[in-house]
Amino acid sequence: MSKLSTTLAVILYLLIFIVRYQQGGWEIKLDLFPQVRNNLDQRIGRFLPSPQAELLSGILLGQNKTLPATFKLNLRDTSTLHIVVASGQNLSLAAAFFLSLAGLIKRRNAIVLSLLAVVLYTLLTGAQVPVLRAAIMFSLASLAQIFGRQRDGWWMLTLTAGLMLLINPQWIIDLSFQLSFLATFGVVVVSPVLLKYLDKIPIFGQDLAVTLSAQLMVTPIIVQNFHQISFVSLITNILVLWTIPFIMIGGAVMLILGTVLSLLGQLVGIGVNTLLTYFVYVVGFFASLPFAWEYVGEQVWVVWMGYYLVLAGVLVAINKKMNVRGERID
31 MSKLSTTLAV ILYLLIFIVR YQQGGWEIKL DLFPQVRNNL DQRIGRFLPS PQAELLSGIL
91 LGQNKTLPAT FKLNLRDTST LHIVVASGQN LSLAAAFFLS LAGLIKRRNA IVLSLLAVVL
151 YTLLTGAQVP VLRAAIMFSL ASLAQIFGRQ RDGWWMLTLT AGLMLLINPQ WIIDLSFQLS
211 FLATFGVVVV SPVLLKYLDK IPIFGQDLAV TLSAQLMVTP IIVQNFHQIS FVSLITNILV
271 LWTIPFIMIG GAVMLILGTV LSLLGQLVGI GVNTLLTYFV YVVGFFASLP FAWEYVGEQV
331 WVVWMGYYLV LAGVLVAINK KMNVRGERID
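As structure tokens, then:
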């Protein structure tokens, strides 16, 4: 496939994100498959009990409006509510499957197939902000690979934010937009710095760096919107985040096989239900602890600006210290 045809395919992919002009400004219209999503949601309910079914629907399809009130409260108290949404991680797994075919077909063709998978999943979830952010970032990264241009995550994240705000400036005050970009900023920019210090921790070093980075960046937004701070968020996130890829893959297989034969879906559902039950138990346990969270009143923006400035200073100091230590070792 030539660069020209590949470029046209990517342009067509971007045009699928239907943007139309309505009175008052541009509107992005991406929820094209609500009936399909609702049918899948109902099928999940036939294979799994509650709240496991609602949890899987939230993770896989972004259907988190039906979460039981008690479970949703537990998620909030442990700062794990952001997990129960269709996210960039889901999209990355879908893209990774097709990119893995690069050994069987030309890599450029594999990239185009992965782009199509990305847009289909994005549309299936109603193009929720976290998924749309990941879709645009993946598209930019794919274009960079096609044309042999390597760009770092910070560059792609900044350009993605600009493109999304160009489409809809109101997203800048959207909570999911803020959480998605701050968490991604933490993973892309902050975690490499922390990893220099935490990589000595066996097994959990990398997971701890990624989780802590995201938590450090989103904590002010969570506190400002929910007026509480969770003291168990870090440990809870570490204990449940590893299950998400397995839950997503298992849930997708359950739905696919269940379409062919209900019994197959039920059998796969046993394993998926085990992981979901573990997730529910861990969140419920830590939310029930008396010191799990504390109420925090409204804070002025100067406080949070100071928080980020101090955080930036600490990160710069850590990075400088580890670089000096590395030079001494060399």
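This note's numbering puts the first residue of the sequence shown at 31, with every later residue one more than the last. C-beta: ideal position from N, C-alpha, C; glycine also.
Reduced DSSP secondary structure (H/G/I, E/B, other) of residue i
i: Q158; result: coil
i: E84; result: helix
i: W272; result: coil
i: P320; result: coil
i: Q93; result: coil
i: V240; result: helix
i: V114; result: coil
i: K350; result: helix
Spatial neighbours of residue i in its chain, beta-carbon cut-off 7 angstroms, leaving aside the 5 residues before and after
i: V344; result: none
i: M247; result: L212, A213, F215, G216 and V220
i: V340; result: none
i: L85; result: V114, L306, F309 and V310
Residue interval of the beta strand (DSSP E) (run including residue i)
i: Q72; result: Here Q72 belongs to no beta strand (DSSP E); instead the alpha helix (DSSP H) covers P64 to F77.
i: S260; result: Q258 to S260
i: W185; result: Segment G183 to I197 is the alpha helix (DSSP H) holding W185; no beta strand (DSSP E) there.
i: W323; result: W323 to Y325
Residue nearest to residue i in terms of C-alpha spacing, selected from the options
i: S292; options: T249, G75, R67 and Q65; result: G75
i: W184; options: V310, N104 and A171; result: A171
i: L150; options: A140, I259 and L162; result: L162
i: D204; options: T188, R73, P160 and V218; result: P160
i: I113; options: M194, L196 and F309; result: F309
i: L269; options: Y311, L187, N255 and L173; result: Y311
6 angstroms Cβ shell around residue i - same chain, five flanking residues per side excluded
i: K361; result: This structure cannot settle anything about residue 361, because the visible part of the chain is limited to 31 through 360.
i: W323; result: D107, Q258 and S260
i: N68; result: none
Cβ-based neighbour list, residue i, same chain, cut-off 8 angstroms, excluding 5 preceding and 5 following
i: A342; result: none
i: L121; result: V148, Y151, T152, V161, A164, A165 and F168
Element boundaries [alpha helix (DSSP H), containing residue i]
i: I231; result: Segment: none, I231 is in no alpha helix (DSSP H) and carries neither H nor E.
i: I203; result: From DSSP, I203 is part of no alpha helix (DSSP H); its letter is neither H nor E.
i: V310; result: S292 to A317
i: K102; result: A99 to D107
Original post:
Do the stretch 312–323 and the stretch 232–248 touch if we need at least three Cβ pairs shorter than 8 angstroms?
Top reply: no
Original post:
Are the stretch 86–98 and the stretch 147–160 touching by the rule of at least three beta carbon pairs closer than 8 angstroms?
Top reply: yes
**OP:** Inspect the CB distances between the stretch 199–211 and the stretch 251–261 and report whether three or more fall short of 8 angstroms.
**Re:** yes
Original post:
With a cut-off of 8 angstroms, do at least 3 Cβ pairs link the stretch 220–229 to the stretch 238–246?
Top reply: yes
Original post:
Counting Cβ pairs, one atom from each stretch, are 3 or more of them under 8 angstroms apart for the stretch 61–70 and the stretch 275–284?
Top reply: no
Original post:
Counting Cβ pairs closer than 8 angstroms, one from the stretch 300–307 and one from the stretch 98–111, do we hit at least three?
Top reply: no
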